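Structure, as structure tokens:
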Amino acid sequence: MWGKVPPRNKNFTGREELLERLYTGMTAGSTGQVTVVLPKVLPQALHGLGGVGKTQMAVEFAYRYRHKYDLVWWISADQRVLIRSSLATLAPHLDLPSAAAIGVEDAANAALDALRRGEPYDRWLLVFDNADEPEEIRDVIPEGPGHVLITSRNHRWEDVVDAVPVDVFTREESIAFLAKRVRKAITPEDADRLAEQLGDLPLALEQAGALQAETGMSVDQYIELLNKHTSQLLDEGKPTEYPISMTAAWNLSVSRLSERRPEAIDLLRCCAFFGPEPIPRDVFSQRVSGLDPRLSEVLANPIKMSRAVGELGRFALARIDPTSRTIQVHRLIQALVRDELEPEERATHLADVHQLLTGMPLGNPEESVNWGRHGSILGHVVPARVQESRDLKVRDFALNLARYLYMSGDRFALEFVDLFIDQWEQDSGPDDIHVLKAYRERGNILRQLGKYTEVYELNQKTHENMRRVGTPDDEMLLLVNSMGGDLRARGDFATALEHDEDSVRRHEAAFDQEDPRTYRAKNNLALDYCLTSRFNQARELHEVAYIGLRDAQAAAATTLLTWNALARSVRLSGDYAEACDLGEEALAYGLEYLGAEHPAYLLTAKDLSIAWRRLGELGKALDMCTDVHGRYVRRYGLDHPDTLAAAMSLANVQRNNGQEEEGLKLAADTVTRYPRIYGDDHPYTLACTGNLALLHRTCQEPAKALELNETILDKLEHRLGRNHHYYLTVATNLASDLAKLGRYEEAVERGRDTHHRLAELVGANHPMALACAANLSADLNHLGTSDAMEEAEGLRQDLRSRYAQKLNLEHPDAVAFLEGRHLDLDFDPPPI
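Going by the numbering used here, the first residue of the sequence shown is number 62, and it counts up by one from there.
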């Protein structure tokens, strides 16, 4: 597999000893075994000054030894944001889901894991080009069976890995290079004189060779002009970090190209303010108003533009790659170009670059099909100092990129949006509309990271500032629609319900009933209905939201999430078979359009496993939930809200499958983690602790279960009241704890009150109410009095009919009821 390596320099010369040293060092410790998971040797690093040919040497190494590798991958490492996005792009070549399916961060991590394991390739080469800060790439150097090559200007690499210093050419290499580069024959003596003048610096020799090849200039003429430019530079006395020979050679090339084709210099100056990464050719194919007139004239004439691009390539001032349709200017040449310009000229060219970036048709950042286009220009945003622009269109462009980073799951998203917040607040003040929008995006990113407390505080402040400055509703409501989630994350379900009812009214007034934004607001309101035990209302509203967003052709992830929310509400209503049917269809859709690693797919799979469990398909539920939990752990780690929810669902299905001890261990660990996200008294924390109590009883610790349930029941009553299904779930189990301890009168008293409340809340035919009634009938029998036994028999006759109607008599709940065994109720944390 050969990917993303820059084109080979056909004039590459020399470096034989260094190339051989590199490969020998890399393979010295090789065991030749596919199963090796430790690195054969430490990564190699090429370091040296700019212009000595580090990158070209790495390119040559990759081409020369590519037959030794199954996979070669090139990574631009001078910006952290590019490193993980490049690794994410590698994922599909390792038979892994793409970033469009699972997000940048997860695709990058999956690729690194595959490289470490050597699957499917154990002979691989990664090249990290221009990695000047060891700390920034240390965590992405895979310690596997392959090889890593790093180019850098930073000598600190010598303290980290084996380092191979790269110097200027030897004189022999300089002479050989010029003999290749200059089409017209150059004598060894002339090549020697020219190399002496240029200090054997490869980039300067490339400039000189290109100029001579294009103009037919003699060596004597070149040296005479070079000395003249050198004298001028010395007379100016400008401080420079670049070799004077390089500056003079560049100056001479620019001077001659200016005479021959001045529009090429206009284009070069523009390119100098992009990043050093390849610039998509389409950037210059747009009609953009407001550009510098000279640049605008070049871009408007395709013939003149193509000629300018060709001349930059022929004069070695840019690398033109016709395959990828990109233009790339060496960072040293970019710096030299910028240094020659006056401050006003620099500002003009920066503004031009901002306009060109802004004009790119990147598409909706929420649609994964557009992520590739966003990623192609991301490496130019920070070098072009886009954050310094006060142009409203440029700021909108930056916010769209922040949205792309958030939607694609890139870990750089938070750092990126903070860069713009800091600059914009400094330039425009905290009340600027784009500052407030950036804070809104920051809240979305923090929520994705599970930092709910920070999100709540930030969004409250942002909302107040938006309200105070009179932000229009179409902007304000984007934040309002997410604030219900903040309240749910705090466990304030009733407040969230009030908030989202108001949000729906405001959306309907600002937009209309059929607007996708209104449907999203209704979907959030339906989530509140579920969390406040209004299952039928939730079901109806989720159906409205799903159909509306589906018909509006919403993004696949949005469609799947609302489809799954409908299936969940159907399950919570007690219609398990229908929930399974909906969930299976939704899951198939998610697999087709998003892939098996996408967060929306994983959530749908987890919820489907719950529906299967409720229906009695315990084997399928266990297999599905085990797989999903493993994927969540790999994706997010153990402390992310989605991982915790999957862990609790797995503990529940383990209990149902006779794996009580495994379930107890997992539930105990999960319950200790929940307060880190939600706090000690959040309903989710309390209800999950109820699951742990249930497992204590099934593991023959009823006294411990009772003590735990009594404690959390008081807290749930305080948070939610006695007529909430979380409270009644724990109350049902507490009655079973009492019965297990032989305290049947107390169990009956608790059971009667709980069943009455459940029947009123969810209906007498709901499986929760049936389970509570079944337990009550068993406990009445144990009392042994004639009145109790008569009441129990009446309940049994009624329940038999209801079970046959609702679930069928072969369902595990019905079987347990008919055998006189207690049924248990458990809790599966829904998404916020």
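We treat Cβ as the ideally placed atom computed from N, Cα and C, and that holds for glycine. Just so you know, these numbers come straight off a predicted model, no measurement behind them.
ask   = When the Cα of ASP887 is compared with those of ASN784, GLU807, LEU789, which residue comes out closest?
value = Sorting ASN784, GLU807, LEU789 by C-alpha distance to the C-alpha of ASP887 places LEU789 at the top.
VAL732, DSSP secondary structure in three states = Helix, per DSSP.
key: Between the CA atoms of ARG696 and LEU103 - distance to the nearest angstrom   = Only weak support exists for where LEU103 lies, its pLDDT of 44 falling under 50; the value from the coordinates is given anyway. LEU103 and ARG696 have their alpha carbons spaced roughly 28 Å apart.
task = Excluding the 5 residues preceding and the 5 following ALA240 in the sequence, name in chain order all residues of the same chain whose CB lies nearer than 7 Å to its CB.
result = Here ALA240 has ILE247, ALA252 as same chain residues with Cβ atoms under 7 Å from its own Cβ, once five neighbours each way along the sequence are excluded.
ask   = Roughly how many whole angstroms lie between the Cα atoms of LYS726 and LEU767?
value = If you take the alpha carbons of LYS726 and LEU767, they lie about 18 Å apart.
task = Using alpha carbons as the reference points, say which of GLN258, ASN584, ILE144, ARG566 lies closest to GLU285.
result = Per the Cα distances, GLN258.
inquiry  = Please give me, in chain order, every unbroken run of the alpha helix (DSSP H) with length at least 4 that falls completely inside the stretch 174-206.
reply    = Listed in chain order, the complete alpha helix (DSSP H) runs (minimum 4 residues) inside the stretch 174-206 are 195-198.
key: Per-residue DSSP class, three states only, for PRO339   = PRO339: coil per DSSP, three-state reduction.
task = Look up LEU132 in the DSSP assignment and give the residues it is bridged to.
result = Bridge partners of LEU132: TRP185.
task = May I ask you to list the residues that DSSP assigns as paired with HIS208?
result = Beta-bridge pairing links HIS208 to LEU186.
ask   = Where do the N-terminal and C-terminal ends of the beta strand (DSSP E) with ARG380 fall, by residue?
value = First-last of the beta strand (DSSP E) with ARG380: 380-382.
inquiry  = Quick check: does the Cβ of GLU723 come within less than 7 Å of any heavy atom belonging to the ligand ADP?
reply    = The ligand ADP is not among the ligands present in this structure, which contains no ligands whatsoever.
Burial state of ILE893 (16 or more Cβ within 10 Å) = Answer is buried; the Cβ neighbour count reaches 16.
message = Once DSSP output is grouped into helix, strand and coil, what is the label at SER147?
response = Three-state DSSP puts SER147 in a helix.
ask   = So, helix, strand or coil for THR116, using DSSP?
value = Helix, per DSSP.
key: Sequence-distant residues of its chain with Cβ nearer than 7 Å to ALA877 (five each side left out)   = Sequence-distant Cβ neighbours of ALA877 in its own chain, meaning closer than 7 Å and more than five residues away, are LEU884.
request  = Taking LEU602 and LEU586 to be in contact with their CB atoms under 8 Å, please state how far apart those CB atoms are, rounded to whole angstroms.
outcome  = Cβ-Cβ separation between LEU602 and LEU586: approximately 6 Å, consistent with a contact (criterion under 8 Å).
Inside the stretch 508-585 only - alpha helix (DSSP H) runs reaching at least 4 residues = Positions of the alpha helix (DSSP H) runs, each at least 4 residues long and wholly inside the stretch 508-585, are given as 513-530, 534-550, 554-571 in order along the chain.
task = Could you have a look at SER17 and say whether DSSP puts it in helix, strand or coil?
result = The question about residue 17 has no answer here: the residues shown for the chain are numbered 62 through 893.
message = With a threshold of 7 Å on Cβ separation, who are the neighbours of THR532 within its own chain once the five nearest residues in sequence on each side are excluded?
response = Counting only Cβ-Cβ distances below 7 Å, and skipping sequence neighbours, we find ILE494, LEU497.
request  = With a threshold of 16 other CB atoms inside 10 Å of the CB of LEU364, please say whether the residue is buried or exposed.
outcome  = Rather than Leu, the amino acid found at residue 364 in this sequence is Ile. Counting Cβ neighbours within 10 Å, ILE364 comes out exposed, since fewer than 16 surround it.
Element boundaries [beta strand (DSSP E), containing GLY389] = What sits at residue 389 in the sequence shown is Gln, not Gly. Following the DSSP letters along the chain, one finds GLN389 inside the beta strand (DSSP E) bounded by residues 387-389.
query = Between the beta-carbon of LYS867 and the beta-carbon of PRO891, is there less than 8 Å?
reply = The Cβ-Cβ distance between LYS867 and PRO891 does not fall below 8 Å.
query = With DSSP run on the structure shown, which of helix, strand or coil describes SER469?
reply = In this structure, SER469 counts as coil in the three-state DSSP scheme.
task = Starting from GLN268, trace the alpha helix (DSSP H) both ways and give me its first and last residue.
result = Unbroken alpha helix (DSSP H) run through GLN268: 263-276.
key: Start-end ranges of the alpha helix (DSSP H) lying completely within the stretch 797-881, minimum 4 residues   = Within the stretch 797-881, the alpha helix (DSSP H) runs of at least 4 residues that lie entirely inside it are, in chain order, 805-823, 828-844, 847-867, 873-879.
request  = Count the other C-beta atoms from every protein chain shown that fall within 10 angstroms of the C-beta of LYS901, then say buried if there are 16 or more, exposed otherwise.
outcome  = The structure shown does not extend to residue 901, since the chain spans only 62 to 893, so no value can be given for it.
request  = Starting from the Cα of ALA24, find the closest Cα among LEU318, ARG529, LEU676 and give me that residue.
outcome  = Because the chain spans 62 through 893 in this model, residue 24 falls outside it and cannot be assessed.
query = When DSSP builds the beta bridges, which residues end up paired with SER137?
reply = Per DSSP, the beta-bridge partners of SER137 are ASP190.
inquiry  = Considering Cα atoms alone, identify which of HIS290, GLU518, ARG578, LEU83 is closest to GLU536.
reply    = When only C-alpha atoms are compared, the closest one is ARG578.
task = Under the assumption that THR276 contacts ARG317 (Cβ atoms under 8 Å), give the Cβ distance between them as a whole number of angstroms.
result = About 6 Å separates the two Cβ atoms, so the contact holds.
task = Check whether the Cβ atoms of GLU81 and ARG141 lie closer than 8 Å to each other.
result = Against a cut-off of 8 Å, the Cβ pair of ARG141 and GLU81 comes out as no contact.
message = To the nearest angstrom, how far is the alpha carbon of ALA396 from that of ALA271?
response = Roughly 20 Å between the two C-alpha positions.
request  = May I have the straight-line CA-CA distance separating SER385 from LEU621, to the nearest angstrom?
outcome  = Taking the straight line joining both Cα atoms gives about 35 Å.
key: Exposed unless 16 or more other CB atoms sit within 10 angstroms - verdict on HIS391   = Buried, by the Cβ-count rule.
ask   = Is SER213 helix, strand or coil by DSSP?
value = If DSSP states are grouped into helix, strand and coil, SER213 belongs with the strands.
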